[in-house]
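Chains as they are written, first to last, in the numbering used here: chain A, 3 to 515; chain B, 3 to 515. A virtual CB, placed ideally from N, CA and C, is assigned to each residue, including glycine.
Written as structure tokens, this is what we have:
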């Protein structure tokens, strides 16, 4: 894969150079490469207990593979016991099957400068996924459209610390259900040059994703390289449906990456205890990733976790809570012990508005994701109201915060310059560091600064309208959309993508459910 | 001290019982006792390097003790080299002197149920300290008054997760500078029954603090127990002034605790590099705490750190940044290696309003403080605009968040109930946990919930006015102040405190600078 990457890098250089010639230069950090330790939350004994119990779940209780005789057949062939749709997996088998999954992989972007490495010490950020609604300050909350979708892709393209264009950044509800994946993929491919996700809502739509990628990247390149990372949710508890497994099959057999992810509202789809939830999460991931490796040994996969807590008064899912962080930390440890890339976290919050609640909750999750070892962070920005809403203002607020994670991950320098003993000697007691040489030499890169927040003197801030973060973000969204310029794409590729979408849409009648 | 604590607990029982009989029961968590690991950010080699360099700073560069011949005399007597006001401390001497400081201590409150243990695995939260301004939504930003001060003390008393009443929660600028400490101490003693801080702005005011405590607790009790924790700032770089050292002397010789704390705006009072700053912080704390132990071996002290980053564009101090967290983590490690209680962190932010910026910044700092091993967290709630402003709304917002730290610190249970294997067996694949026995048994304590945030269904929230966190907090402040009831205090003690304040005020003319 490394060699293919280099080849791609050479052949894609022309496009990259042309992209550089566009008027607006869009700077993007490649990905976070942690030079800091992780937070090891659970002790060895607890981790071993969870691992033992997860195997017990697989062996004694088992998992359901629904509406998929072929999946049951495959499980039987590797030694599982089948009873109806129930698959019972002997202790150790699933973990053994998982061993062929790579510990890290490169997801290629059409602009090779945007390729991301997923796994090991890296953290790749991707935007919010799935909301049926959007919200902005001016228009309020409303059903999302393909126009909104395109705007989010553009904002993502312009966000320096967002490495990945994501997938369903919002549901374009004005496009038929059976055709909207085509417009979404087209938007990611055309309005951005960052890596993206494929469609999983039907196996045929996963195949459309692969086909469109073959137009964008070339058929041979797609078969030899990973160009999509897609989200395969498990129907917790312990259930795998034929649609998701069908999409997984399309992607895995085409060498494309999948996040295999339990989707859990705490207390509903898993036990309310942390260790119990982690046990179920691990059992589900073991079964799902083992199945991916049965389909294609070596297929790139990510150990996924999405667990919310719940408000005991209203029954609403809650985010940014201590329990969510504890599960993230524990799941990260379990993933690392399997030597697999890990997905969790994001800018999760329950608030209806991009206010202080949203920021408290989001910040807790973002920081936990960084030190908890997340490698792929979906929902990094734009998530609002428990994922029902994609917020334009929160998108740029969170995207700005991702810069702080970047700086944090650099760690600290303990070389002679970092020690600064000469500066301490030069300044001495009661002196001032602002003018000293060490400060002048290091000042620019020393401290992270937000590109969005207010750091002005009180009087200036007051005279300029006493703007809060919401207002500053609203202005930033407008400015970014006004200055957006489409990255260069070969006109023949663009035409071929347009034709594919048009042909596919013409094939069948619209369906809205 | 443990025995004295028990005695106090018995003799204070009557007051505690009377307090319980007041109409409004104020529930307060004692303190956070971490059952989770800490985040060990710096590696051993870097820590050793910082420790070595800090000793080099003390030995070669030295520190200034300004306007205090007696301090120089004391340093000389223990083996330091004096040159003018410069004190050079031979390698290892300061660290050796620090060894008599206790690794933890109990600070007593007049209600023994509110006593706090500071050190080891505990985290004690105290409110914002020092702002000359206050802000609320209705009144905007204005100079603080003693009436504002009293309101903050009342809010602190009613905050479940705030363990400590603090000190200068705002500067009561309507009271003469030379008398306001009397009114502040009186407010803490009368409007709350939580532990508090003494005055440090002049040695005579520190003595007033001790004298008033002797009225409140009894003379004998104060001499045998710690009833105040006060804030002694170092004039970084490497300078100790006679006022602060004089206050430290009063407190230390009376067995009262002090936080010995560098106060650093990064790039101005210390090098812009993390390792350089930590080196200077450690040198300053070593010298300051060593001096406290020269004054009185065994005097309780806290390793303090207050370091901001700076915005390279405006020159404004910035908060909640990655560098601030890195320094907090590193300083915590250095403090633990000295076996000393550690102070840092808090709800720090630079925002002018309690908006999303404030919450992002605050949340980053609060979470870092919890896993970074902070034992005493000043500025836990109410801090706004870089500490220039005490915000009523942010006070209750942050105080609510402290509950999340409490829950996080409990860690996870891995016993049979925590493992929940029976629940997983009972529910099985495709089932639902809401009705199962394990969920019913554990639901109430399973997930933290904010007492402030909105968790309502969208429609309800919208119909109720679509309130943001700022609005919810404004309502909470009003409600808390309206329902506040003063905790019981023996009328003879109250009268004696009133007389002390009146007599002291009558002694001298007002001074406003």
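Per-residue contacts from residue i into chain B (C-beta, under 8 Å)
{"i": "residue 116 of chain A", "result": "In chain order: nothing, as chain B lies at least about 24 Å away."}
{"i": "residue 315 of chain A", "result": "451, 457"}
{"i": "residue 48 of chain A", "result": "414, 416"}
{"i": "residue 463 of chain A", "result": "354"}
Amino acids of chain A, ordered along the chain, whose beta-carbon sits closer than 9 Å to that of residue i
{"i": "residue 500 of chain B", "result": "Within chain A, no residue comes near residue 500 of chain B; the closest Cβ sits about 38 Å away, beyond 9 Å."}
{"i": "residue 51 of chain B", "result": "416, 421"}
{"i": "residue 335 of chain B", "result": "In chain order: nothing, as chain A lies at least about 11 Å away."}
Per-residue contacts from residue i into chain A (C-beta, under 7 Å)
{"i": "residue 38 of chain B", "result": "43"}
{"i": "residue 241 of chain B", "result": "431, 432"}
Collapsed DSSP secondary structure at residue i in the structure displayed
{"i": "residue 357 of chain B", "result": "coil"}
{"i": "residue 65 of chain A", "result": "strand"}
{"i": "residue 23 of chain A", "result": "Residue placement at residue 23 of chain A is flagged as unreliable, the pLDDT there being 48, under the threshold of 50; a coordinate-derived value is accordingly withheld."}
{"i": "residue 137 of chain B", "result": "strand"}
{"i": "residue 248 of chain A", "result": "helix"}
{"i": "residue 385 of chain A", "result": "strand"}
{"i": "residue 8 of chain A", "result": "Here residue 8 of chain A scores only 36 on pLDDT, less than 50, and its place in the model is too uncertain to base an answer on."}
{"i": "residue 493 of chain A", "result": "helix"}
{"i": "residue 228 of chain A", "result": "strand"}
{"i": "residue 258 of chain A", "result": "coil"}
{"i": "residue 487 of chain A", "result": "coil"}
{"i": "residue 85 of chain A", "result": "strand"}
{"i": "residue 507 of chain B", "result": "helix"}
{"i": "residue 311 of chain A", "result": "strand"}
{"i": "residue 93 of chain A", "result": "coil"}
{"i": "residue 163 of chain B", "result": "coil"}
Within chain A, the residues that residue i reaches when beta carbons sit closer than 8 Å
{"i": "residue 231 of chain B", "result": "None at all; the shortest Cβ gap to chain A is about 27 Å."}
{"i": "residue 409 of chain B", "result": "323, 324, 325"}
{"i": "residue 282 of chain B", "result": "426"}
{"i": "residue 88 of chain B", "result": "431"}
Of the listed residues the options, nearest to residue i (C-alpha basis)
{"i": "residue 139 of chain A", "options": "A/341, A/420, A/448, A/395", "result": "A/395"}
{"i": "residue 279 of chain B", "options": "A/313, A/449, A/166", "result": "A/449"}
{"i": "residue 285 of chain A", "options": "A/491, A/510, A/91, A/515", "result": "A/91"}
{"i": "residue 483 of chain A", "options": "A/157, A/365, A/425", "result": "A/157"}
{"i": "residue 269 of chain B", "options": "A/426, A/513, A/479", "result": "A/426"}
{"i": "residue 353 of chain B", "options": "B/309, B/313, B/374, B/56", "result": "B/313"}
{"i": "residue 53 of chain A", "options": "B/107, B/416, B/401, B/380", "result": "B/416"}
{"i": "residue 173 of chain B", "options": "B/257, B/452, B/132", "result": "B/132"}
{"i": "residue 45 of chain B", "options": "B/328, B/198, B/182, B/499", "result": "B/328"}
{"i": "residue 160 of chain A", "options": "A/498, A/308, A/509, A/479", "result": "A/479"}
{"i": "residue 118 of chain B", "options": "B/81, B/62, B/196, B/80", "result": "B/196"}
{"i": "residue 363 of chain B", "options": "B/372, B/351, B/374", "result": "B/351"}
Closer than 7 Å at the beta carbon, the chain B residues around residue i
{"i": "residue 393 of chain A", "result": "Result: empty, since nearest Cβ-Cβ is about 11 Å, beyond 7 Å."}
{"i": "residue 145 of chain A", "result": "Going along chain B, no residue has its Cβ under 7 Å from residue 145 of chain A, so there is no contact; the nearest lies around 13 Å."}
{"i": "residue 33 of chain A", "result": "Chain B residues near residue 33 of chain A: none, gap ~17 Å exceeds 7 Å."}
{"i": "residue 403 of chain A", "result": "362"}
Within chain B, partners of residue i - CB distance below 9 Å
{"i": "residue 450 of chain A", "result": "311, 320, 323, 324, 325"}
Exposure of residue i, with buried meaning 16 or more beta-carbon neighbours within 10 Å
{"i": "residue 14 of chain A", "result": "Unreliable placement is indicated for residue 14 of chain A, whose pLDDT of 45 sits below 50; no coordinate value is reported for it."}
{"i": "residue 511 of chain A", "result": "exposed"}
{"i": "residue 23 of chain A", "result": "Any answer about residue 23 of chain A is weak, because its pLDDT of 48 lies below 50 and its placement is not dependable; what the coordinates show is given next. The residue in question, residue 23 of chain A, is exposed, as its Cβ has fewer than 16 Cβ neighbours within 10 Å."}
{"i": "residue 527 of chain B", "result": "Within the shown structure, residues of chain B are numbered from 3 to 515, placing residue 527 of chain B beyond reach of any answer."}
{"i": "residue 2 of chain B", "result": "The first residue shown for chain B is 3 and the last is 515, placing residue 2 of chain B beyond what the model contains."}
{"i": "residue 110 of chain B", "result": "buried"}
{"i": "residue 365 of chain A", "result": "buried"}
{"i": "residue 357 of chain A", "result": "buried"}
{"i": "residue 465 of chain A", "result": "exposed"}
{"i": "residue 255 of chain A", "result": "exposed"}
{"i": "residue 59 of chain A", "result": "buried"}
{"i": "residue 282 of chain A", "result": "buried"}
Residue i at chain C interface by Cβ criterion, 8 Å
{"i": "residue 472 of chain A", "result": "Any reference to chain C falls outside this structure, whose protein chains are A and B."}
message = Any C-beta of chain B within less than 7 Å: which residues of the segment 429–458 of chain A qualify?
response = Taking a C-beta cut-off of 7 Å against chain B, the contacting residues of the segment 429–458 of chain A are 429, 430, 431, 432, 433, 434, 435, 436, 440, 441, 444, 445, 446, 448, 449, 450, 451, 455, 456, 457, 458, listed in chain order.
key: Short-range partners of chain A found in the segment 346–368 of chain B, where Cβ spacing is below 9 Å   = Those residues of the segment 346–368 of chain B that come within reach of chain A (Cβ to Cβ, closer than 9 Å) are 352, 353, 354, 355, 356, 357, 358, 359, 360, 361, 362, 363, 364, 365, 366, 368.
query = the segment 255–280 of chain A: which residues have C-beta closer than 9 Å to a C-beta of chain B, in chain order?
reply = The segment 255–280 of chain A vs chain B, Cβ under 9 Å: 268, 269, 270, 271, 272, 273, 274, 275, 276, 277, 278, 279, 280.
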